[in-house]
Amino acid sequence: MANSFAPKPDRKTAWVLSQSAFRRLLDWLDEGVNSDGSRYLEIRRRLVLYFDRKNCLTPDELADETLNRVARRLEEEGTITTDAPAHYCYIVARFVLLEDLRRDPQKPLDEHVVAFSNPTEEKQDAERRLECLERCMETLDSNERSLIANYYQGELRSKIDNRKELAQKLGLSMNALSIRACRIRAKLENCLSKCLKGGE
Amino acid sequence: MTRRPIDEKLITDFLLGNLPEEEIEQLDELSLTDDDFVMRLQSADNDLVDAYVKGELSGTTLAQFKSNYLKSPKRQEKVAFAQALQKQINKPAFAVHRPDFQWGFAAAAVIILLLGGYLIFENLRLQNQLRQMQAEQVSLHQREQQLRKQIADLKNQPSGTKTNEVKLLAFVLTPQTRGANKIPLIHFPDDIDLLALTLKVETNDFPNYTAVLKDAAMDKTIWRSEKLKVQNNLVQINVPANLLKPQSYLMELSGISASGATEIISSYPFRIATQ
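Top line first, the protein sequences correspond to chains A and B.
Read in order, the letters of the first sequence are residues 150 to 349 in this note's numbering.
Read in order, the letters of the second sequence are residues 189 to 463 in this note's numbering.
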């Protein structure tokens, strides 16, 4: 099976993701339940995190490259039934990673360890970030704001006790509470990122 | 190779790049394919970054965080976000307010008023909760009666229509928690046509829901429901019995937002045993 994912340089450069191929990819990832593209975005987010953990210089581009290859395979074969969509994407991602490492065996991020800017710029960035976060906090409803403030309060043991208490108070399991806190935090991170780019 | 249990420590080591290659590969795979692991990874990642920001990391963990985790600009940005979040939630607006001594009496009066208000509110909340639980009980009872009637009706059909008889087995499942809960065991007679599951949900934040049945060992999707609704914190699902065999399963319930985005809400593990 491995050979089917191996690079095919002559076709790779020629192939362009068409609208119909993209549509087919979205449908296949949805596995029968229309998610309006959110399943695609979630798989892409996971791929970006995968390549980022591998210290690749361009995790976003590699995630797109992975999904393009899957889309190309889908267009050629009509469908893929050998693996579940997420698992198939993982297999392709491993090949994309190997190729990337082969292109640049030095793992370039090793040379860019913690490249912070100068202290003045750093301070300005931190202030801007705080302003943006404050604005983003205001976009949350009061329940969400209260949950995130309480969930991340405390240190070490007291933090764990605090979360148990909070879960009990809200009538949620620890798992459901953690999922909810993660969801709100991700919302804030997205909002902050947009705000820092001047979008909000 | 035998797989170690996936706990917080293992996930943290994974994030710090502190595991053998084989284990890293296994967890990498789960980070793409297993929705539950993805959530746990995200939560552990947030906690790790927060611990660094609060100065709670030390020794090897701190060294690995600096040398491995902070390599990537995306992860540096996560740290910067965590620093800002800590500052934000430690602001006086979020902190517990301690009144000055000279305002003691006024503060005490306010506290008594607030406490009174809180007690009234709490009382109302508890009454509401009680009503909701009663409604849930009624709904479960109604559902049971409905299923019993359905079965009885089918049994009472003339023998000529016997071929259309549908046999149901009803079962109520509660969400999986992080603790080592015992997995519910469903004893399954051979002649059952449908498994009627009632899933208890903790919240109702989405207009629609969908459920996916997975083979727990293989993490393979076996069946997917149509769009579902939550009523009185319960979701009703009918699974064709011919898909089920004696083994462990996981029913994953996802919320579908107005924009169509899906998000996993809860997992319901169960085991099937034949009678």
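A virtual CB, placed ideally from N, CA and C, is assigned to each residue, including glycine.
Just so you know, these numbers come straight off a predicted model, no measurement behind them.
Item to complete: For the region 212–227 of chain A, enumerate the residues whose C-beta is nearer than 7 Å to any C-beta of chain D, in chain order.
Response: Judged by its chain identifiers, the structure shown contains no chain D, and its protein chains are A and B.
Item to complete: On the DSSP bridge assignment, give the partners of B:His375 in chain order.
Response: B:Ala461
Worksheet item: With a cut-off of 8 Å, does the C-beta of A:Asn267 fall near any C-beta of chain B?
Response: no
Discussion item. In the DSSP output, what is A:Trp177 paired with across the bridge?
Written reply: Answer is none; A:Trp177 lacks a bridge partner.
Discussion item. Excluding the 5 residues flanking A:Arg294 on each side, which residues of the same chain have their C-beta closer than 8 Å to its C-beta?
Written reply: Met286
Practice prompt. Look at the alpha carbon of B:Glu196 and the alpha carbon of B:Phe225, and state the distance between them as a whole number of angstroms.
Written response: 11 Å
Worksheet item: With a CB to CB cut of under 6 Å and the five nearest residues on each side skipped, what residues in its chain are close to B:Leu373?
Response: Arg459 and Ala461
Discussion item. At the level of alpha carbons, what is the spacing between B:Glu451 and B:Leu245?
Written reply: 32 Å
Worksheet item: Anyone know if the C-beta pair for B:Val389 and B:Val423 falls short of 8 Å?
Response: yes
Worksheet item: Hey, how far is the Cα of A:Ala220 from the Cα of A:Glu191?
Response: 16 Å
Worksheet item: Where A:Cys344 and B:Gln271 are concerned, what is the direct C-alpha to C-alpha distance, given to the nearest angstrom?
Response: 17 Å
Practice prompt. Determine the DSSP secondary structure at B:Leu312, reduced to helix, strand or coil.
Written response: helix
Practice prompt. Give the DSSP-derived three-state secondary structure of B:Asn392 in the structure shown.
Written response: coil
Discussion item. Excluding the 5 residues flanking A:Glu218 on each side, which residues of the same chain have their C-beta closer than 6 Å to its C-beta?
Written reply: Looking at the sequence provided, one finds Arg at residue 218 of chain A rather than Glu. Excluding sequence neighbours, A:Arg218 sits near Val241.
Worksheet item: Would you call the region 210–217 of chain A and the region 181–199 of chain A touching, i.e. three or more CB-CB distances under 8 Å?
Response: yes
Worksheet item: Is it buried or exposed for A:His261, if we count other Cβ within 10 angstroms and need 16 for buried?
Response: Only weak support is given to the placement of A:His261: the predicted model assigns it a pLDDT of 48, under 50, and the question is left unresolved by the model.
Practice prompt. Locate the alpha helix (DSSP H) running through B:Glu244, then write down its first and last residues.
Written response: Element bounds for B:Glu244: n/a, residue is neither H nor E.
Worksheet item: For A:Ile328, which residues in chain B fall below 7 Å Cβ to Cβ?
Response: Met227
Discussion item. Tell me which residue opens and which closes the beta strand (DSSP E) that B:Ser436 is part of.
Written reply: Ser436 to Ile444
Worksheet item: How is the alpha helix (DSSP H) around A:Ile333 delimited, first residue to last?
Response: Met323 to Leu345
Worksheet item: B:Gln419 bridges to which residues according to DSSP?
Response: B:Leu422
Fill in: Residue-level contact to chain B via CB, A:Gln168, 8 Å cutoff
no
Worksheet entry | chain A residues whose Cβ lies nearer than 7 Å to that of B:Phe469 | What is shown of chain B runs 189 to 463, which leaves residue 469 of chain B out entirely.
Worksheet item: Is the distance from the Cβ of B:Ser454 to the Cβ of A:Ala325 below 8 Å?
Response: yes
Worksheet item: Between B:Asp238, B:Val427 and B:Ile300, which lies nearest to B:Leu273 when the distance is taken from Cα to Cα?
Response: B:Asp238
Discussion item. Can you confirm whether B:Lys242, when its beta carbon is compared against all beta carbons of chain A, has any partner nearer than 8 Å?
Written reply: yes
Practice prompt. For the region 433–452 of chain B, enumerate the residues whose C-beta is nearer than 9 Å to any C-beta of chain A, in chain order.
Written response: Ser442, Ile444, Ser445, Ser447, Gly448, Ala449, Thr450, Glu451 and Ile452
Worksheet item: Cα separation between B:Thr249 and A:Cys331?
Response: 23 Å
Worksheet item: If you check the beta carbons only, do B:Leu383 and B:Leu432 fall under 8 Å apart?
Response: yes
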